[in-house]
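Visitor: Structure below; questions to follow.
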């Protein structure tokens, strides 16, 4: 089937094709691309919103995947996308950060959600926020830093013993400040290897992901050069 054939079908029919394992990979891919084109134009967004807000974790993961594939802001998805920041699934929380990066959106609700994601125990979510913060304006980063240091996004501990609450609040503050300081070092152009030495408490995988992102073009150039020789 050609792409025009898929574009003539209803979104409901296309979603059925995508889920039909017997439809063949080429048809499922073409149906997916047709649906994504519609969503980028703001058409039939209710199908994606329903996935993002579904009680089914499988549906929400599908929705998060589509959201990342869009690669841009779609106004009708903003509310549902932001709600992913509190999702129990780390892939959904990560999709929220990716959508924020792609959309460039920033307000009080989003900043609080990003602060929470900076403290996420999932390293992929945490590093997505770090990469986001590296590239934002000085004014926006200053605002974000103040929110994080003031306790935005921090979990609320309710131990019977208040000293236990104090212990974990101090731990969260330390991790929050360390994250902000790592971001500051990267923004200042400091080398990743040196930053890694300066912050031994941070998981090295965080720095590997940052380095991987920073050297993407360099690796591509080297690979192309080798291919030509």
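Numbering (the working numbering), first residue to last: 636 to 864. Built from N, CA and C at the ideal position, the CB exists for glycine as well.
Please classify residue 714 as buried or exposed, where buried requires at least 16 other C-beta atoms within 10 Å of its C-beta.
Guide: Within the chain shown, the letter at position 79 stands for residue 714. Burial call: exposed.
Visitor: Taking a contact to mean a Cβ-Cβ separation below 8 Å, would you say residue 785 touches residue 818 in this structure?
Guide: Working through the chain shown from its first residue, we reach residue 785 at position 150. Working through the chain shown from its first residue, we reach residue 818 at position 183. For residue 785 and residue 818, no; Cβs fall outside 8 Å.
Visitor: State the start and end residues of the unbroken alpha helix (DSSP H) segment that holds residue 780.
Guide: Along the chain shown, one-based indexing puts residue 780 at 145. Here the alpha helix (DSSP H) through residue 780 covers 773-784.
Visitor: Using beta-carbon positions only, say whether residue 761 and residue 814 come within less than 8 Å of one another.
Guide: Here the question's residue 761 lines up with position 126 in the chain shown. Here the question's residue 814 lines up with position 179 in the chain shown. Pairing residue 761 with residue 814 gives a Cβ-Cβ distance under 8 Å.
Visitor: Cα separation between residue 747 and residue 650?
Guide: Sequence index remark: in the chain shown, residue 747 carries index 112 (1-based). Sequence index remark: in the chain shown, residue 650 carries index 15 (1-based). When rounded, the distance between both Cα atoms is 34 Å.
Visitor: Considering only their Cβ atoms, is the gap separating residue 688 from residue 668 smaller than 8 Å?
Guide: In the chain shown, residue 668 corresponds to position 33, counting from 1. In the chain shown, residue 688 corresponds to position 53, counting from 1. No, the Cβ-Cβ distance between residue 668 and residue 688 is not below 8 Å.
Visitor: Skipping 5 residues on each side, what residues in its chain have a beta carbon closer than 7 Å to that of residue 844?
Guide: Here residue 844 is taken as the residue at index 209 of the chain shown, counted from 1. Around residue 844: 762.
Visitor: Rounded to whole angstroms, what is the Cα-Cα separation between residue 731 and residue 790?
Guide: Within the chain shown, the letter at position 96 stands for residue 731. Within the chain shown, the letter at position 155 stands for residue 790. Answer to the nearest angstrom: the Cα atoms are 18 Å apart.
Visitor: For residue 793, count neighbouring Cβ atoms within 10 angstroms of its own Cβ and tell me buried if that reaches 16, exposed if not.
Guide: Counting from 1 along the chain shown, the entry for residue 793 is found at position 158. When all chains shown are included, residue 793 counts as exposed.
Visitor: Measure the alpha-carbon distance for residue 711 versus residue 777 and round it to whole angstroms.
Guide: For the purposes of this step, residue 711 is identified with residue 76 of the chain shown, where counting begins at 1. For the purposes of this step, residue 777 is identified with residue 142 of the chain shown, where counting begins at 1. Cα to Cα, the separation comes out at about 29 Å.
Visitor: Applying the criterion that 16 or more other CB atoms from any shown protein chain within 10 Å of the CB defines a buried residue, is residue 774 buried or exposed?
Guide: Taking the first residue of the chain shown as 1, we reach residue 774 at position 139. The residue is exposed, with fewer than 16 neighbouring Cβ atoms inside 10 Å.
Visitor: Using C-beta distances below 8 Å, list every residue in its chain close to residue 841, excluding the 5 sequence neighbours before and after it, in chain order.
Guide: Here residue 841 refers to the residue found at position 206 when the chain shown is read from its first residue. Within the same chain, residue 841 has close Cβ partners 758, 761, 762, 765, 817.
Visitor: Using a Cβ-Cβ cutoff of less than 6 Å, which residues in the same chain neighbour residue 653 once the five nearest sequence positions on both sides are dropped?
Guide: Working through the chain shown from its first residue, we reach residue 653 at position 18. Taken in chain order, the residues that qualify are 663, 666, 667.
Visitor: Report buried or exposed for residue 851, applying the criterion of at least 16 other Cβ atoms within 10 angstroms of its Cβ.
Guide: Stepping through the chain shown from its first residue, residue 851 is reached at position 216. Exposed.
Visitor: From residue 847 to residue 772, what does the alpha carbon distance come to, in whole angstroms?
Guide: On the chain shown, position 212 is the one that residue 847 refers to. On the chain shown, position 137 is the one that residue 772 refers to. When rounded, the distance between both Cα atoms is 22 Å.
Visitor: How many whole angstroms separate the CB atoms of residue 739 and residue 708, which I take to be in contact at a CB cut-off of 8 Å?
Guide: Numbered from its first residue, the chain shown carries residue 739 at position 104. Numbered from its first residue, the chain shown carries residue 708 at position 73. With a Cβ gap of about 7 Å, residue 739 and residue 708 count as contacting.
Visitor: Suppose you measure from the CA of residue 647 to the CA of residue 827; what does that come to, to the nearest Å?
Guide: In the chain shown, residue 647 corresponds to position 12, counting from 1. In the chain shown, residue 827 corresponds to position 192, counting from 1. Whole-angstrom Cα-Cα distance: 47 Å.
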